[in-house]
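Here the structure is laid out as structure tokens; the discussion comes afterwards.
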Amino acid sequence: MKISSLQSARYEYSPKLPGMLRHGIANIGVQEGEETQSAADQEVIKRLFPNTYGKKEITFVQGENTAEAKKQVVGVILSGGQAPGGHNVICGLYDALKAANTENVLYGFKNGPIGLIEDDYLIFDDAYINQFRNTGGFDIIGSGRTKLETNEQFAIVADVCKKHGITAIVIIGGDDSNTNAAVLAEYFAAHDTGVQVIGCPKTIDGDLKNEDIECSFGFDTATKTYSEIIGNIERDANSAKKYWHFIKVMGRSASHVALECALETQPNICLISEEVSAKKMSLSQIADYIADSVEKRAAKGMNFGVAIIPEGVVEFVPEFSALIQEINELLAGSKADAFNALATWSEKYAFIEKGLTKESMSVFAILPENIQQQLFLERDPHGNVQVSLIESEKLFSALVKDKLDERKKAGTYKGKFSALHHFLGYEGRCAFPSNFDSDYCYSLGYNAFMLIQYGYNGYLSKISNLSNPASEWTAGGMPITKMMNIERRHGEDKPVIKKALVELDGKPFKFFEAHREEWAVETSFVYPGAIQYYGPAEVCDITTKTLALEHE
Numbered sequence: 377m378k379i380s381s382l383q384s385a386r387y388e389y390s391p392k393l394p395g396m397l398r399h400g401i402a403n404i405g406v407q408e409g410e411e412t413q414s415a416a417d418q419e420v421i422k423r424l425f426p427n428t429y430g431k432k433e434i435t436f437v438q439g440e441n442t443a444e445a446k447k448q449v450v451g452v453i454l455s456g457g458q459a460p461g462g463h464n465v466i467c468g469l470y471d472a473l474k475a476a477n478t479e480n481v482l483y484g485f486k487n488g489p490i491g492l493i494e495d496d497y498l499i500f501d502d503a504y505i506n507q508f509r510n511t512g513g514f515d516i517i518g519s520g521r522t523k524l525e526t527n528e529q530f531a532i533v534a535d536v537c538k539k540h541g542i543t544a545i546v547i548i549g550g551d552d553s554n555t556n557a558a559v560l561a562e563y564f565a566a567h568d569t570g571v572q573v574i575g576c577p578k579t580i581d582g583d584l585k586n587e588d589i590e591c592s593f594g595f596d597t598a599t600k601t602y603s604e605i606i607g608n609i610e611r612d613a614n615s616a617k618k619y620w621h622f623i624k625v626m627g628r629s630a631s632h633v634a635l636e637c638a639l640e641t642q643p644n645i646c647l648i649s650e651e652v653s654a655k656k657m658s659l660s661q662i663a664d665y666i667a668d669s670v671e672k673r674a675a676k677g678m679n680f681g682v683a684i685i686p687e688g689v690v691e692f693v694p695e696f697s698a699l700i701q702e703i704n705e706l707l708a709g710s711k712a713d714a715f716n717a718l719a720t721w722s723e724k725y726a727f728i729e730k731g732l733t734k735e736s737m738s739v740f741a742i743l744p745e746n747i748q749q750q751l752f753l754e755r756d757p758h759g760n761v762q763v764s765l766i767e768s769e770k771l772f773s774a775l776v777k778d779k780l781d782e783r784k785k786a787g788t789y790k791g792k793f794s795a796l797h798h799f800l801g802y803e804g805r806c807a808f809p810s811n812f813d814s815d816y817c818y819s820l821g822y823n824a825f826m827l828i829q830y831g832y833n834g835y836l837s838k839i840s841n842l843s844n845p846a847s848e849w850t851a852g853g854m855p856i857t858k859m860m861n862i863e864r865r866h867g868e869d870k871p872v873i874k875k876a877l878v879e880l881d882g883k884p885f886k887f888f889e890a891h892r893e894e895w896a897v898e899t900s901f902v903y904p905g906a907i908q909y910y911g912p913a914e915v916c917d918i919t920t921k922t923l924a925l926e927h928e
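Sequential numbering of the sequence shown, starting at 377, is according to our numbering.
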């Protein structure tokens, strides 16, 4: 296999561990902390997780390893979407496991949870795993989105573990995957299988966090990758001086990615979904907000700019959410067949006009026709609108153009407006992990083995103090149930890990809020450049602006 010069060089990088994990497995002791409770709905969560709820947080310290010395056979899966650093979690897990006992075995189940169910696996060895050190992607064993959530599935997994003598499973995934990890851990405990479950927090979206989990892995690399591209676009905009660039960034419902990219690059506009929701902003108000920036910059002779649009923003616009709900009702069941039988868009439009309330129709009417059609023609298997497919960057640029046309007629705007559109998503999911993510992920995996060795079940691998150098990081674990609450999913109350949204009273948003008025009018662009892997620590090992501000 031909590899790049960078990949060859990255094989030689030695990830940095937290200080207390650097003195050998035999010299890692454990210190127990306080008992925990769930993020909300404590009585319900406690009832659902009687064997794993309320366990103590733990911290590893330098000292005597008092864990029982025995051969460990461990299984690992990658679950959900890719995030930079996943390979290093497995490398850290493998290295710790082999350092403890060369007879220990690590099974990699292929293509996510389905590999566990179908008993499709490989057994890691040095030659294989060394090909993937410090690289991006999840191709080491593949990933998948099969959910482990039924007792039938759990029983199959228990049988697979018994067949191979596996006594621990490590699930590397996001909020849904680690929710399933908690449920699986409870099942294993209730059925006395002797199998532990440990989770590792993964997602580029940044929404798997709390006071213990300071950030999920992959967020650092993904946002730096997007910020490099945004900075390049900003420089192009400032050079050509004739385009407004509308850039949608991945991130699901939360705006952590958009906010971090804004802090890195200082664009003219960055929408924050959580603020849109808190202020109950309408599409028209958002369009006016962006148009104000365009108009003020045009008055200074600057007919160019950059706007960052978070992926999930339209879901946070109250009137748009109401419209989506009505559309889902309008096309429920056999009514969808009647709609699909109509031959032309004008006939379908009349059907829509008749079925929507006056309020929702007024929202629908201002949408560009291509967006209107997206809402009705692209639906999921349940017949619901696929909000993630809505091209919100094109939606807002079209609405802004309409606002500017009105202002031009009124004589308040005399500039030129030409929009270009971009979507940054997959570009960041499998990048070579930054030094931070290489170190963090390797530490998460190494630490996961320590949780296994000490017999913990239903715990999340936790590395803290991340805004400091790696030598000052702390390692430990927390019960996954600490992050859980009850939410309504598909008509049922379900225990799930609570998504962490952008906190409008948090330091990262407050910093952005204090500067955005200036950025909206001036050209304050910052050009972060590409991720650096070699050179001074202040260039190569820097954390995200979000993490730095949160720990000021």
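Built from N, CA and C at the ideal position, the CB exists for glycine as well.
- Around the Cβ of Glu440, a 10 Å sphere holds fewer than 16 other Cβ atoms; the residue is exposed.
- CA-to-CA, the gap between Val450 and Gly488 works out to about 15 angstroms.
- Along the length of the region 402 to 482, whole alpha helix (DSSP H) runs at least 4 residues long occupy 418 to 424, 462 to 476, reported in chain order.
- Rounded to the nearest angstrom, the Cβ distance from Phe692 to Val652 is 5 angstroms, consistent with a contact under 8 angstroms.
- Judged by DSSP in its simplified three-state form, Leu775 adopts helix.
- In the structure shown, the three-state DSSP call for Ile542 is coil.
- Taking 8 angstroms as the cut-off, the beta carbon of Gly512 is found closer than this to the beta carbon of Phe808.
- Under a 10 Å Cβ-count criterion, Thr526 is classified as exposed, with fewer than 16 other Cβ atoms of the shown protein chains found around its own Cβ.
- In the three-state reduction of the DSSP assignment, Tyr497 falls in the strand class, which pools E and B.
- Annotation: Leu718 is outside any alpha helix (DSSP H) and is labelled neither H nor E by DSSP.
- Three or more Cβ pairs drawn from the region 690 to 706 and the region 734 to 748 lie within less than 8 angstroms of each other, which places the two stretches in contact.
- In the DSSP annotation of this structure, Thr579 is not part of any beta strand (DSSP E), being labelled neither H nor E.
- For Val633, the enclosing alpha helix (DSSP H) has its first and last residue at 632 to 641.
- In summary, Gln407 is exposed, with fewer than 16 beta-carbon neighbours lying within 10 Å of its beta-carbon over all protein chains present.
- Taking a 10 Å sphere around the C-beta of Leu718, we find fewer than 16 other C-beta atoms and assign the residue as exposed.
- Ranked by Cα distance from Lys447, the first of Ala544, Glu723, Ala654 is Ala544.
- Between Lys422 and Gly430, the gap from beta carbon to beta carbon is short of 8 angstroms.
- If you look at Lys883, you'll find it in the alpha helix (DSSP H) that goes 883 to 897.
- In this model, Leu524 and Asn760 are separated by some 24 angstroms (Cα to Cα).
- Only buried fits Leu482, as 16 or more other CB atoms lie within 10 angstroms of its CB.
- In this structure, DSSP gives Tyr802 a helical state, which the three-state scheme calls helix.
- By the CB criterion at 8 angstroms, Lys875 and Ala630 fall inside the cutoff.
- Rounded to the nearest angstrom, the Cβ distance from Gly594 to Ser649 is 20 angstroms, too far for a contact under 8 angstroms.
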